[in-house]
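As you go down the protein sequences, you meet chains R and D in turn. The first sequence begins at 8 in the numbering used here and counts up by one. The second sequence begins at 16 in the numbering used here and counts up by one. Positions of the beta carbon are idealized from the N, C-alpha and C atoms, including for glycine. On a predicted model such as this, the values are computed, not experimentally measured, just so you know.
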Amino acid sequence: MSSSGRIQVARAVLSKDLQIERRSKVLTSQIIPFAVVTLVLFAFALDGDAILQRTAPGLVWLAMLFSSMIIVQRSFAVETSDGALDALRVAGADMSAVFWGKWLALVIQLLVLELVLLAGAIVMFGIELRASGVVLLVTSSISATCGLSAVSTIYAGLASGVRGRESLLPLLVLPVASPVLIGATRAAEAAFGTGGTVVSEGWPWVGVLSVFAVVFSFGGSLAFGPLIDD
Amino acid sequence: MEPHFHTSGSPAVELRDAVALMSDFPALAGLDLTVERGEIVMLTGANGAGKTTLLRVCAGLTPITRGYGHVMGADVVSERDAVRQRVGMVAHSNGLYDELTVRENLEFWGALIGAGDDELHQAMSIMGLDGRLATVPVRGLSAGQRRRTAFAILVVRRAGLWLLDEPHAGLDSGARDEVDDILRQASAAGATVMLSSHELDRVEQLATRRVHLAGGVVVGDGR
């Protein structure tokens, strides 16, 4: 398939996934409330401003990781409920293009979720975001989201044809996504200045997150078709 | 306006000595079959006779491990992607997105292959899905309407060979009649249809040819 054909397929999948989300409103009516409630429960469990401010980056990314599992499950549930993913495969659609379309739709939804979680953490935990940390925070969040989306899309595709996929997916994704959790948390700590860290300490973690994102995104686009076929 | 299907001068299906394995078991065991364009071929046989495997081989989903074959002019071993693009398969599921309307489902498939609005309208019109039905989310459709939407996707995709595994399953009598009418129309427009069904009396009236399988080979072939 030509590259323009691949872009056409990826765009169609992206726009279909976002259209389904706009129609069902699962992100806004279920997942964002769940993520915010998780943050509030963290605040109750770790009562005390000092502890919360020190642990806020990790708490935000933990809430993000757990909530992302629901988005990913949902993203593939619409594909498997009536055999649509199989139909795409049967029709000879370029599965790497399908991967990119689903990946980008996931990136967009996760970025919205992150925005809400970060804003919630800043308000609830009383974090002060330094101007010099904003660029680091945005860059690290985008890199981490790209990596997380790639890993999630690969494993959700792999698990899509398996019985018990709802419980299998977190077991597959969470261990592999742990570098994202570590890197994004360290970068956010540097952006927030948690524990006396400075912004420059966060940039090496952005490098780690970027390498992770590139490897899993391009690796995923190559592996997605054969994984689905098998 | 007639729908345009992928067609070729060669037979729609030509398999010689085809062997295909399902979990190491030879579900096709040296099968020979030729299907000409425009035929409606009914596949019969007991469970495990190889009907579904044959449909999957023709769809480019299951590889053959011995023998050779062409489907819609493409080699089933070396050109499986080309095979997949020229055929359409509807099995027990319809491959639809419940949250999207009939029109949006077709628009999605249209966007995948670059089909224009005219082709989408034509497909909806042929399947009786235009008007109010086009704007109904698929989750609100009856089983027959869902099946018609799946067939409309085959029209949008210009699939020249329709592979249908139990197309009447789960449908009431009226919807089964609709399916038969649609398949006759598709055949008249140039599409080739291969279907397996347990509705023998019904399908015998519909089919132009009956192929009986047993043990992964053709044991009966009649018109």
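- Distance from the CA of residue 25 (chain R) to the CA of residue 231 (chain D), rounded to the nearest whole angstrom, comes to 44 angstroms.
- A distance below 8 angstroms separates the beta carbons of residue 152 (chain R) and residue 118 (chain R).
- DSSP places residue 228 (chain D) inside the beta strand (DSSP E), whose first and last residues are 224-229.
- Bridge partners of residue 57 (chain D) according to DSSP: D:210 and D:225.
- For residue 104 (chain D), the enclosing beta strand (DSSP E) covers residues 102-105.
- Apart from sequence neighbours up to five positions away, the residues of its chain that approach residue 187 (chain D) with a beta-carbon distance below 8 angstroms are 158 and 159, ordered along the chain.
- Taking 8 angstroms as the cut-off, the beta carbon of residue 108 (chain R) is found closer than this to the beta carbon of residue 16 (chain R).
- Listed in chain order, the non-local C-beta contacts of residue 204 (chain R) below 6 angstroms within the same chain comprise 196 and 197, local neighbours out to five positions each way being set aside.
- Looking at D:214, D:196, D:72 and D:34, the one whose alpha-carbon comes closest to that of residue 104 (chain D) is D:72.
- As DSSP reads the structure, residue 152 (chain D) sits in a beta bridge with D:116.
- By the CB criterion at 8 angstroms, residue 147 (chain R) and residue 194 (chain R) fall inside the cutoff.
- Residue D:198 holds the alpha-carbon nearest to the alpha-carbon of residue 167 (chain D) among D:198, D:155, D:88 and D:154.
- Counting along the chain, residue 158 (chain D) sits inside no beta strand (DSSP E); it lies in the alpha helix (DSSP H) bounded by residues 158-171.
- For residue 16 (chain R), the neighbours in chain D by C-beta distance under 8 angstroms run, in chain order, 127.
- Residue 225 (chain R) is not a Cβ neighbour of residue 154 (chain R), given a cutoff of 8 angstroms.
- If you look at residue 49 (chain D), you'll find it in the beta strand (DSSP E) that goes 40-50.
- At a beta-carbon threshold of 8 angstroms, the residues of chain D lying near residue 88 (chain R) are 113, ordered along the chain.
- Proximity of chain R to residue 109 (chain D) at the Cβ level (cut-off 9 angstroms) is accounted for by 89, 90, 91 and 94, in chain order.
- Checking the DSSP bridge columns, you'll see residue 36 (chain D) partnered with D:41.
- Taking every protein chain shown into account, the CB of residue 85 (chain D) has 16 or more other CB atoms within 10 angstroms, so this residue is buried.
- By the 16-neighbour rule on beta-carbons within 10 angstroms, residue 100 (chain D) is buried.
- DSSP places residue 236 (chain D) inside the beta strand (DSSP E), whose first and last residues are 232-237.
- By the neighbour-count criterion, in which a residue is buried when 16 or more other Cβ atoms sit within 10 angstroms of its Cβ, residue 147 (chain D) is exposed.
- Interface with chain R (8 angstroms Cβ-Cβ cutoff): residue 195 (chain D) is excluded.
- Take residue 171 (chain R), set aside five residues on each side of it, and no residue of its chain has a beta-carbon closer than 6 angstroms to its own.
- In the structure shown, the three-state DSSP call for residue 181 (chain D) is coil.
- Sixteen is the threshold: when 16 or more other Cβ atoms of the shown chains lie within 10 Å of the Cβ of residue 177 (chain R), as they do, the residue is buried.
- Between residue 191 (chain D) and the set D:44, D:229, D:221 and D:205, the nearest pair of CA atoms involves D:221.
- Looking at D:66, D:44 and D:39, the one whose alpha-carbon comes closest to that of residue 32 (chain D) is D:44.
- Burial is judged here by how many other beta carbons sit within 10 angstroms of a residue's own beta carbon; residue 44 (chain R) has fewer than 16 and is exposed.
- Boundaries of the alpha helix (DSSP H) around residue 226 (chain R): 210-236.
- A direct Cα-Cα distance of roughly 48 angstroms separates residue 227 (chain D) from residue 223 (chain R).
- Residue-level contact by beta carbon holds for residue 27 (chain R) and chain D, with a gap shorter than 8 angstroms.
- About 6 angstroms separates the Cβ atoms of residue 134 (chain R) and residue 60 (chain R), confirming a contact at the 8 angstroms cut-off.
- Selection D:183, D:203, D:111 and D:88 evaluated against residue 141 (chain D) yields D:203 as nearest (Cα-Cα).
- Around the beta carbon of residue 39 (chain R), 16 or more other beta carbons lie within 10 angstroms, which makes this residue buried.
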